[in-house]
Each structure stands twice: as C-alpha cells, then as structure tokens.
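Inspection log for the structure reproduced underneath, given as structure tokens.
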C-alpha cells in the first residue's frame, strides 16, 4: 500500500472519523482507524467503529499501490495534525505491519494491526428500508431536542432522541424526566432517486443515541441543504451523504408516551419577548448558581409584569422585572434555571408564550409565529 495526499485533507478527515474511536477500548483493534487505499477510484477511505457508533469517510488521494491497514487513531492524528501543510506520502512495508509517513523533512514509522481483526460494520438486513430526510429539517430538529436528552445510562432509552417520520411531517422528541422538548416540522420531499433493491418509505419510528446524533449534526452542518439518505432496520441506522457514512445502533425499548404529558388546557398564559427574558434570566442565574440553581417567577396580571428573583441567604439576592402580556390569575412558580435557559435558547422566535395551570403542574413554553416546538418543564416546589 502506497499513497500521496495533502496533509490538511488527511488531518481534517482523521479528526472527523476519530470521533467514533472507543475512548476505553475493550480490545486493542478498537483504538485503531482502518485505512483503505482504492486504486480504481484514486481515494483513501477511513473507518472507525466502537461497536455502537461507526464513521466512514473517503477523499481523493494519489494511490500508487492499493491496500488496507489499521493504525492507532490517537497517535496517527497527533502526528499528522502537527505536520506541515504539504503532501504526505504514506506507505506500508511488505509484511503489512509497519507504516511510514513522510512529509517535508519529517519521517515517522508506526506499527499497525491487520484489517482482519477490525470489526465488520453493521449491515442493514433484507427487511431494511430506505428514506431521504431533508437536511434543513434534521438540523432544526436536532438543535431543538438534543439538549434535553438524559445523560443517565440507567435510563438508556432516554439517552436518545425519538424520531418519527410520516408522509407529511417529521417529529423529534427528547426528555430526561425533568423536561421534554418536541419539534414538529414539515417533511420536504427529497428529489433523490431510490436505491435499487431497497424499499423506500416515509414511515419511521426509532430512538437514536444522542452521541450518534451529535456526530450527525456535525456532518450535516457541512451540507446544510438537500437531503440525506437513511437506511434502517430494527437494530441499526445508516446515514449516508456523498462522502461520509455514519452508522449507529438504535436504542432498544419503548419510548415513553410523551404526548400524554402535555396538558390539553391552561389557566394562565404569559407572552414575553424571548431575548429580553433570556438576558434577564442569564443575569440572575449568576446568583442562582450560588445556591440551588432555582429561580422564582412571580406573575402579576394587574401590573402586566413578570419578576424573576433569587435569594441566596448570607450570599446575595437579586430581582429582575420585565413587561409581559398576561391572562389568568397571579401565581408564583419556580424552575431549575439551567433547564429554563436551555429551552429559551432553543425556541426559534422573537416572542414566546409560557402556558401553565398551577405552581406544581408542568409549564409549557412555545414559540409565537415560528416552527411548532413545545418545551415542557416541571416546576420546582417552593418551600416558604
């Protein structure tokens, strides 16, 4: 195996594919990246797979001799990223174990492992299906829900985003048990040809790990428009663009019936300017951090005013007031300030509405005049 490619191309693609390398590999091969030099296409393909998440990329290279090998991901990335911005010559010895990297005045050698030890990437079975999802809608859905997934591995199903697709819409949902974020967006028909032999569908209901979706978000940010091909079965999902493939195991189990958590009616509605509310909350959050991360919200329907307050005894106290359009009776309610900030940052509108019933029932934040997003937040009980 012998090839020549630009340092910046190799470094950029190594950084991308390296995100799927196992942080604590259970076997030495899982700490490696697979390199495949293709002479017919004059390209270099790279693959990383930690048994749950796989990333595969390819880019043009001058392939003198085709071949394959796996190399330690961290060491390879550390070397290549520090080399000068010149062409790199990468060659493998006859025993297919030692790799030489030559760039400028530098010459490095490292030991590889045979590709036979590298795990096979999951394949979609004969019962698998294919669909095309609009990139713009995918990015909007991920931005609106990823932050609300759980980090608690004991609640594994909640560590992912639940994605539902039908003929006319996409719905993204995420919850960690304290808050719920749901976004509905139109399903834009993608002008992509069906893949021969695959069943093309727009019916989809899966729960995808948040870690895989964060990598997908990075991948889609390079494309930003058009559609991405998606193949899936009951166990795996494959996202495929022109020169990148992301493979993820799906989460087992039944996702909670989140729709029944959203109240059907509300006694109180508060309409606010989002950026004004967000700025006031960010200022007062500095004090909330000193105590228990809780902010109290007082709604004054007579004065058409909302007040935010934090009291940290023996430390500090603060209060912010801002105008609002209020219907319903006065009420005091408290929230985790971080959860409230997360929702406000994700809502895609200039004005928002807070809908609520009483201080102990869920409150819902919705954007006004923007995409159909619902952010449900459980209040914190106030003890006087």
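In my numbering, the protein residues as written are 15 to 398. We put the CB at the ideal spot given by N, CA and C, even for glycine.
Point to revise | Continuous beta strand (DSSP E) stretch holding residue 46: start and end | key: Position 32 of the chain shown holds residue 46. First-last of the beta strand (DSSP E) with residue 46: 46-52.
Practice item. Work out the CA separation of residue 383 and residue 239 for me, nearest whole Å. Key: The residue you call residue 239 lines up with position 225 of the chain shown. The residue you call residue 383 lines up with position 369 of the chain shown. The alpha-carbon atoms of residue 239 and residue 383 are separated by roughly 23 Å.
Review point. How long is the line joining the alpha carbons of residue 325 and residue 350, rounded to whole angstroms?
Key: Numbered from its first residue, the chain shown carries residue 325 at position 311. Numbered from its first residue, the chain shown carries residue 350 at position 336. Their Cα atoms are separated by approximately 14 Å.
Review point. Using CA coordinates, which residue listed in 48, 241, 288 and 309 is at the minimum distance from residue 84?
Key: Locating residue 84 in the chain shown gives position 70, counting from the first residue. Here the closest residue by C-alpha is 48.
Exercise for review: Indicate whether the contact test is met: 3 or more Cβ pairs, each with one atom in the stretch 308-318 and one in the stretch 334-351, closer than 8 Å.
Suggested key: yes
Review point. Using the C-alpha atoms, what's the distance from residue 377 back to residue 356?
Key: Taking the first residue of the chain shown as 1, we reach residue 356 at position 342. Taking the first residue of the chain shown as 1, we reach residue 377 at position 363. Cα to Cα, residue 356 sits roughly 14 Å from residue 377.
Practice item. Could you pull out every residue in the same chain whose Cβ sits closer than 7 Å to the Cβ of residue 264, ignoring the five residues on either side in sequence? Key: Within the chain shown, residue 264 is the residue found at index 250, counting from 1. Answer for residue 264: 220, 221, 222, 249, 250 and 251, listed in chain order.
Review point. So who's on the other strand from residue 43, going by DSSP bridges?
Key: Within the chain shown, the letter at position 29 stands for residue 43. Paired residue(s): none; residue 43 is not in a bridge.
Check your understanding: How about residue 164 and residue 178: do their beta carbons lie closer than 9 Å?
Key -> Locating residue 164 in the chain shown gives position 150, where the first residue counts as 1. Locating residue 178 in the chain shown gives position 164, where the first residue counts as 1. No; because the gap between Cβ atoms is not below 9 Å, this pair is not in contact.
Review point. What number of angstroms, rounded off, separates the C-alpha of residue 189 from the C-alpha of residue 120?
Key: Taking the first residue of the chain shown as position 1, residue 189 is located at position 175. Taking the first residue of the chain shown as position 1, residue 120 is located at position 106. If you take the alpha carbons of residue 189 and residue 120, they lie about 50 Å apart.
Practice item. Kindly indicate which three-state DSSP category residue 2 falls into: helix, strand or coil? Key: Look at the range of the chain in this structure, 15 to 398, and you will see that residue 2 is not part of it.
**Study point:** Short Cβ contact (9 Å threshold) for residue 142 with residue 52
**Key:** Locating residue 142 in the chain shown gives position 128, counting from the first residue. Locating residue 52 in the chain shown gives position 38, counting from the first residue. No, they are not a contact pair.
Exercise for review: Look at the Cβ atom of residue 158, then the Cβ atom of residue 197, and state whether they are nearer than 9 Å.
Suggested key: On the chain shown, position 144 is the one that residue 158 refers to. On the chain shown, position 183 is the one that residue 197 refers to. A Cβ-Cβ contact shorter than 9 Å links residue 158 with residue 197.
Check your understanding: Is residue 50 buried or exposed, if buried means 16 or more other CB atoms sit within 10 Å of its CB?
Key -> For the purposes of this step, residue 50 is taken as the residue at position 36 of the chain shown. Its Cβ being crowded by 16 or more others within 10 Å, residue 50 is buried.
**Study point:** Within the stretch 138-198, ranges of the beta strand (DSSP E) (whole runs, at least 3 residues)
**Key:** Complete beta strand (DSSP E) runs here, min 3: 143-148, 174-179 and 183-189.
Practice item. Thinking residue 260 and residue 296 are a contact (beta carbons under 8 Å), I'd like their distance in whole angstroms, please. Key: On the chain shown, residue 260 is found 246 positions in, with the first residue counted as 1. On the chain shown, residue 296 is found 282 positions in, with the first residue counted as 1. In fact, because the Cβ distance is near 34 Å, the residues do not count as touching under 8 Å.
Exercise for review: Using only alpha-carbon positions, find the residue among 392, 385 and 393 that is nearest to residue 150.
Suggested key: Within the chain shown, residue 150 is the residue found at index 136, counting from 1. Of the listed residues, the one whose Cα sits closest to residue 150 is 385.
Check your understanding: Where does residue 349 fall in DSSP's three states?
Key -> In the chain shown, residue 349 corresponds to position 335, counting from 1. In this structure, residue 349 counts as strand in the three-state DSSP scheme.
Check your understanding: Thinking just about the alpha-carbon of each residue, which of 62, 35 and 74 is nearest to the one in residue 54?
Key -> The count along the chain shown starts at 1 and reaches residue 54 at position 40. Ranking 62, 35 and 74 by Cα distance to residue 54 puts 74 first.
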